[in-house]
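Data block below; observations after.
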Amino acid sequence: MIGELTKSERQGALLILLALAVTGLAMAVGGSNDPLGTHGTLVMVVAIVGTFAVITGYYAPEPPESRLDSYYDTPTKFGIVAAMVWAVIAMAVGDWVAWLLAFPEWTFDAAWASFGRLRPVHTSGVIFGFGGNALIATSFYVMQRTSRARLPDQLSPWFVLFGYNLFCVIAATGYLMGVTQSKEYAEPEWYADIWLVIVWVTYFVLYLRTLNRRKEPHIYVSNWYYMAFILVVAMLHIVNNLAVPISWGSAKSYSLFAGVQDAMTEWWYGHNAVAFFLTSGFLGMMYYYMPKRAGRPIYSYRMSIISFWGITFFYMWAGSHHLHYTALPQWVQSLGMTFSVMLLVPSWVSAGNALMTLNGAWHKVRDDAVLRFMMVAAVFYGLSTFEGSFMAIRPVNALSHYTDWTVGHVHAGALGWVAMITFGAIYASVPWLWKRDGMYSAKLVEAHFWLSLAGTIIYVFAMWNSGIIQGLMWRTYNESGTLAYSFVDSLIAMHPYYIARAIGGVFFLLGAIIGFYNIWMTIRTASQAQSQAEPDYSAVGIEIPAVQPGR
Amino acid sequence: MGHFERDPHTGYMTTGHEWNGITELNTPVPKVIWFFLACTVIFAVGYWILMPTWPIGRTYTKGLLGDDVRHDVTQSVKQAALDRAVWSDRITKESFADIQKDAALMEAVRETGSTLFGDNCAACHGRAAQGGKGFPNLTTASWLWGGTPEAIFETIRVGINSAHPETRTAQMPAFGKDGMLPRADIDKVIAFVRSLSHPGAKDIDPAKAAAGKDLFAANCASCHGEDAKGNVEVGAPNLTDAFWIYGGDAKSIFTTVWGGRQGHMPTWENRLSELDRKILALYLVDLRSAGK
Ligand code: HEM
Ligand code: HEM
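Structure (structure tokens):
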């Protein structure tokens with residue numbers, strides 16, 4: 095890997111690692127009696143190991159000029175493997191917390207094993223670890239090909255990927271030590287947040303620089319989505335995490351916002367994280383991999399445009415539907431609700447455009463589990479956005495809020511849409527990247543598909559049932575005019591569904607493990623037999639233009 | 081530039097661009113989508129006109145319906161209280177004895193009491209009120225501070241060893257740990273105490289038990305009574321029956337006598353209304369008689 099960097103990039107890498115090591119040292123010393131110190135040590139060790147790696151490869155010959163004639167895919171390869179590692183870890187933790195909800199005593203009395211600490215390891219692990227790595231990896235892949243331009247340099251993609259994963263590790267280990275801002279999906283504390291800003295801005299600049307070098311006159315729709323994802327996440331992250339640390343030697347900070355303003359800022363962030371992290375980015379992924387795999391043109395360019403702007407515009411207003419019937423003024427709730435309802439249209443236009451793209455390729459959907467992953471993802475995208483708009487209506491939310499219905503909705507989106515489209519995209523990319531004719535085992539892809547689908551359906555149905563029962567129990571009055579059930583009664587009613595959900599989770603997790611194995615074996619056999627399966631530009635039989643030369 | 085093609089499957093033209101082999105069709109947006117969008121927009125605008133929605137300076141548009149959630153909630157809470165007043169007023173006013181005689185009122189007590197108990201008390205005393213180690217069983221005839229509705233009502237109000245200024249206070253001293261009795265004496269007194277609830281048990285040494293009798297009278301009877309039947313005035317448990325908060329086997333009793341006990345029951349005066357506490361007291365008495 096170091097061999098792929100130019101001399102000056104190697105020097106740059108050393109400088110960055112040195113700065114990181116010094117920062118780590120400062121954190122370790124300044125926060126010696128605090129989790130901040132532990133993280134400082136971690137950062138320092140990582141930086142030192144990195145430094146050694148660069149020094150070891152420092153005198154390797156420089157990469158040849160001819161590298162500029164091809165796309166730079168090694169970072170994508172790394173990102174895909176990282177995404178799968180996070181998938182397995184974070185889904186295992188997800189299933190663990192699912193069992194904990196059914197059997198709360200399974201914590202071995204250890205603080206780190208309590209539900210409150212493991213849950214964010216799951217949510218950050220799947221969203222940021224698995225989803226984020228997959229988005230970064232595929233965005234590198236897609237932007238180069240649809241711009242017909244190589245990444246502008248070799249160092250910044252690595253900075254983005256390593257930096258991002260360092261953030262994820264700091265986040266997850268922090269939760270286990272009890273470090274949290276208590277803002278859902280924005281739990282990491284101030285120092286991790288600052289680091290992510292640096293990484294994310296680099297990512298955005300890298301994207302712009304590549305696009306700027308593009309040889310295609312038009313920017314492909316995937317890039318619009320990926321760019322919205324990067325830009326808006328930067329904005330959300332910075333605003334929601336504005337906070338003042340209690341001292342430079344402490345991990346703890348206080349938010350700049352308080353009370354209902356804090357709640358609104360958090361859910362403006364939270365909902366747009368759903369929109370621009372879990373939706374926009376993955377739509378970008380879908381718009382590239384689905385037509386590519388199906389060998390079909392996008393059904394309607396116009397539908398892509400209106401749904402892009404529709405989603406981007408409407409989502410921004412919708413966050414307050416997370417705070418219905420709270421201290422938030424009613425007029426803000428009305429706004430959130432009405433925009434959520436209008437949001438359904440562009441959401442379904444996206445889902446419809448995707449499914450219509452498959453017209454003429456349904457036989458492939460039948461035979462190819464990879465394409466089937468993408469098809470099912472589009473269906474679940476349609477389903478969860480319908481459900482979301484429905485739940486955003488205040489009287490409906492009165493029933494669904496605080497219940498497992500929300501969790502069911504989340505996982506219809508997360509398992510059915512986010513994870514499925516990602517698995518589809520990864521299965522499509524792996525053979526293309528490692529120059530194979532196909533995955534190591536098509537049967538295992540098939541098995542993964544059915545396990546995922548079964549797991550998702552079990553999970554979602556269990557939570558729908560549990561959530562609606564729970565919601566109804568909480569609002570049932572007896573003849574004396576008192577609530578008929580105590581909270582504990584509703585917990586007992588949920589118990590069987592919790593077990594069902596955890597079993598669904600085992601299915602889904604097994605699928606991911608099989609996927610990981612299959613990808614690993616594909617990569618291993620790739621080094622033995624090299625076959626030419628590069629699909630770039632070959633699909634429509636036009637001449638293959640060269641990648642933009644030069645630096 | 082541009083490389084327009086007709087897609088044989090749909091019959092639509094491509095847009096003329098392609099990216100790494102991907103093309104797009106220039107399919108017009110289907111009419112149904114515009115219709116669908118129009119419906120949701122009309123719904124939204126209608127809602128905005130009727131309900132509070134848009135901020136204007138320091139206030140907001142109130143909407144034609146003049147709806148206000150805060151008002152709605154206050155109203156419906158009031159209404160609910162009014163509906164309940166039919167029976168709840170009687171509970172507030174009437175004496176425990178009168179309420180207990182009224183079957184319809186007791187039905188309301190049961191319905192309301194079980195939810196109140198489940199939400200507030202079950203965490204310690206268990207869902208069926210049968211207690212657990214350290215938390216007394218509330219379905220038995222054995223009550224530390226008395227089992228009449230009045231006594232229970234008072235216990236709920238002030239709690240035991242709680243933060244309430246009038247709290248009921250009780251402490252079982254740590255006879256062993258604090259060096260009040262030598263180890264050998266503790267063994268004797270335990271043998272005696274166990275012989276009361278387990279007469280004739282094989283693992284009790286009769287000689288020891290007999291020796292423990294005087295020790296008991298000297299050290300324990302002041303609280304637990306000469307007959308060891310307890311004293312509800314000071315919250316000392318009856319030691320002759322089958323009910324034990326911390327366990328009635330030799331080992332548990334040893335732990336209790338050696339290390340002492342001081343259980344804690346919170347005060348509910350500021351957390352539950354007088355009505356609710358009264359319902360709970362009646363509910364427990366009812367639960368006990370139902371269990372018999
Ligand atoms: C093996 C599969 C999975 C299992 C068993 C699982 C299980 C769980 C459990 C038990 C919770 C906590 C629910 C609660 O607090 O009541 C949870 C929350 C969550 N999970 Fe998963 N999960 C899985 C996969 C995923 C994936 C792939 C994603 C995202 C890509 C995801 C995203 C989330 C989110 C966002 C939450 C928070 C939901 C909320 O606060 O409403 N999960 N999951
Ligand atoms: C039209 C699109 C959507 C709308 C209008 C929408 C609406 C909603 C609503 C009303 C809630 C419940 C809020 C509450 O009662 O607390 C919710 C929760 C959630 N939705 Fe969606 N949803 C949409 C699509 C999606 C998609 C595609 C995902 C992807 C995974 C997703 C992920 C989530 C998550 C993670 C939560 C839980 C937030 C929490 O932790 O409480 N949503 N959504």
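Each protein sequence line maps, in turn, to chains A and B. Going by my numbering, the first sequence opens with residue 95, and the numbers climb by one from there. Going by my numbering, the second sequence opens with residue 81, and the numbers climb by one from there. All residues carry an ideal CB built from backbone N, CA and C; glycine is no exception. A quick note: this is a predicted structure, and the numbers were derived from the prediction, not measured.
Hey, residue i and residue j: beta-carbon distance below 8 angstroms or not?
i: D285(B); j: A271(B); result: yes
i: V215(A); j: Y269(A); result: yes
i: I488(A); j: M436(A); result: The sequence given here places Arg at residue 488(A); Ile does not occur at that position. Contact: no.
i: L352(B); j: G193(B); result: no
i: F84(B); j: G101(B); result: no
i: F176(B); j: E230(B); result: yes
i: L117(B); j: Y395(A); result: no
i: I552(A); j: A594(A); result: yes
i: S523(A); j: Y319(A); result: no
i: W338(B); j: A202(B); result: no
i: V464(A); j: Y409(A); result: no
i: N306(A); j: A176(A); result: no
i: L212(A); j: V179(A); result: no
i: N318(B); j: S242(B); result: no
i: L245(A); j: Y166(A); result: yes
Does the Cβ of residue i have 16 or more other Cβ atoms within 10 Å, making it buried, or fewer, making it exposed?
i: L144(B); result: exposed
i: M329(A); result: exposed
i: W87(A); result: This structure cannot speak to residue 87(A), because chain A is shown only from 95 to 645.
i: D152(B); result: exposed
i: K173(B); result: exposed
i: A265(A); result: buried
i: I266(B); result: buried
i: I179(B); result: buried
i: L364(B); result: buried
i: H344(B); result: exposed
i: Y348(A); result: exposed
i: D259(B); result: One point to set straight first is that residue 259(B) is Gly, not Asp, in the sequence displayed. Classification of G259(B): exposed, given that the 10 Å Cβ count is below 16.
i: Y496(A); result: exposed
i: T570(A); result: exposed
i: R308(A); result: buried
i: K386(A); result: buried
i: T139(B); result: exposed
Please tell me whether residue i has its Cβ less than 8 angstroms away from any Cβ of chain B.
i: I405(A); result: no
i: V139(A); result: no
i: V443(A); result: yes
i: E573(A); result: yes
i: F581(A); result: yes
i: Q642(A); result: Here the model assigns Q642(A) a pLDDT of 40, short of 50, so the residue's position is not dependable, and the following value carries that caveat. For Q642(A), the answer is no, since every Cβ of chain B falls outside 8 angstroms of its Cβ.
i: T240(A); result: yes
i: E540(A); result: no
i: A633(A); result: No answer about A633(A) holds up, because its pLDDT of 35 lies below 50 and its placement is not dependable.
i: M469(A); result: no
i: G144(A); result: no
i: G87(A); result: Outside the displayed range of chain A (95 to 645) lies residue 87(A), so it cannot be described from this structure.
i: M436(A); result: yes
i: I520(A); result: no
Please confirm if residue i has its CB atom under 8 angstroms from at least one CB of chain A.
i: Y363(B); result: no
i: N217(B); result: no
i: V109(B); result: yes
i: M186(B); result: no
I want to verify the contact list: residues of chain D whose CB lies under 9 angstroms from the CB of residue i, in sequence order.
i: G118(A); result: Protein chains in the displayed structure are A and B, and chain D is not among them.
- prompt: Taking a cut-off of 5 angstroms, which residues have a beta-carbon closer than that to any heavy atom of ligand 1, in chain order?
  reply: Working through the chain, the matches are M185(A), G188(A), D189(A), V191(A), A192(A), T217(A), V220(A), T500(A), V501(A), V504(A), A508(A), V512(A), A513(A), G599(A), F602(A) and L603(A).
- request: Check distances from the C-beta atoms of the segment 471-494 of chain A to those of chain B and list, in chain order, the residues that come in under 8 angstroms.
  value: Legend: CB atoms of the segment 471-494 of chain A lying less than 8 angstroms from CB atoms of chain B are not found in any residue.
Proximal residues, the segment 368-396 of chain A versus chain B, C-beta separation under 9 angstroms: Hits within the stretch, in order: Y381, Y382, P385, K386, G389, R390, P391, I392, Y393, S394, Y395 and R396.
Chain A contacts made by the segment 343-369 of chain B, where a contact means CB separation under 7 angstroms: Cβ contacts with chain A come from no residue of the segment 343-369 of chain B.
task: Could you name the residues of the segment 245-268 of chain B whose beta carbon sits closer than 8 angstroms to any beta carbon of chain A, in the order they occur along the chain?
output: Those residues of the segment 245-268 of chain B that come within reach of chain A (Cβ to Cβ, closer than 8 angstroms) do not exist; the list is empty.
message: So if I threshold CB-CB distances at 9 angstroms, which residues from the segment 549-577 of chain A count as touching chain B?
response: Contact residues of the segment 549-577 of chain A toward chain B are Y571, N572, E573, S574, G575, T576 and L577 (C-beta to C-beta distance below 9 angstroms).
- request: Please list the residues of the segment 418-430 of chain A that have a C-beta atom closer than 9 angstroms to any C-beta atom in chain B, keeping them in chain order.
  value: Under the 9 angstroms Cβ criterion, the segment 418-430 of chain A contributes Y419, P423, Q424, W425, V426, Q427, S428 and L429.
Chain A contacts from the segment 113-129 of chain B (Cβ-Cβ distance under 7 angstroms): Under the 7 angstroms Cβ criterion, the segment 113-129 of chain B contributes I113, F116, L117, T120, V121, F123, A124, Y127 and W128.
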